[in-house]
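As structure tokens, the structure follows; a few thoughts come after it.
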Amino acid sequence: MNDYQFKLIKIAGDYEWHVHQDTDKVFIALEGEMTLDFRDGQVKISKGEMYIVPKGIEMKPSAEKECHLMLVEPKSVINTGGPETEITAAVISL
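With this note's numbering applied, the sequence shown corresponds to residues 605 to 698, in that order.
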């Protein structure tokens, strides 16, 4: 929609530290609970809650158990925030 994607993802375990320099990142928890670690603290997001990480803020997402999320972001955003790595996810269009 208007160069944005609504991405449905599942996470479990720890992700890597990364930053999105050019866009805010919107997390909406659909099932379960996740944690966003920041260099100066953390935020927990549970089912039905939303959190926006401002661009330029380093973060490390994690979930003790599987968590279902919807991400809202520009189509050009790479999940690792920068160059492709071994954990860069491919986007599958429905």
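Just so you know, even glycine gets a beta-carbon here, dropped at the ideal spot from N, CA and C.
Q.
Using 8 Å for Cβ pairs, my map puts E637 next to C671. What's the rounded Cβ distance?
A. Contact holds; Cβ gap of about 6 Å.
Q: For the region 637–688, list the beta strand (DSSP E) runs that are entirely contained and at least 3 residues long, ordered along the chain.
A: Correct list: 637–642, 645–650, 654–657, 663–678.
Q: Check each candidate in A667, P665, E668, V657 and name the one with the smallest Cα separation from E677.
A: Selected option, being the one with the closest Cα: V657.
Q | Minimum C-alpha distance to I661 - residue among I682, K611, D641, L634 | A | If we check each option's Cα against that of I661, D641 comes out closest.
Q. In terms of DSSP beta bridges, what is V630 paired with?
A. Bridge partners of V630 according to DSSP: I656, V676.
Q. From K659 to E668, what distance separates their C-alpha atoms?
A. Rounded to whole angstroms, K659 to E668 spans 25 Å at the Cα level.
Q. Which one of G617, I682, G652 has the shortest CA to CA distance from L673?
A. It is G652 whose Cα lies nearest to the Cα of L673.
Q: From the DSSP output, read off the bridge partner residues of Y608.
A: For Y608, DSSP records a beta bridge to P678.
(Q) Nearest by alpha-carbon distance to I682: which of R643, K629, K648, I649 is it? (A) It is K629.
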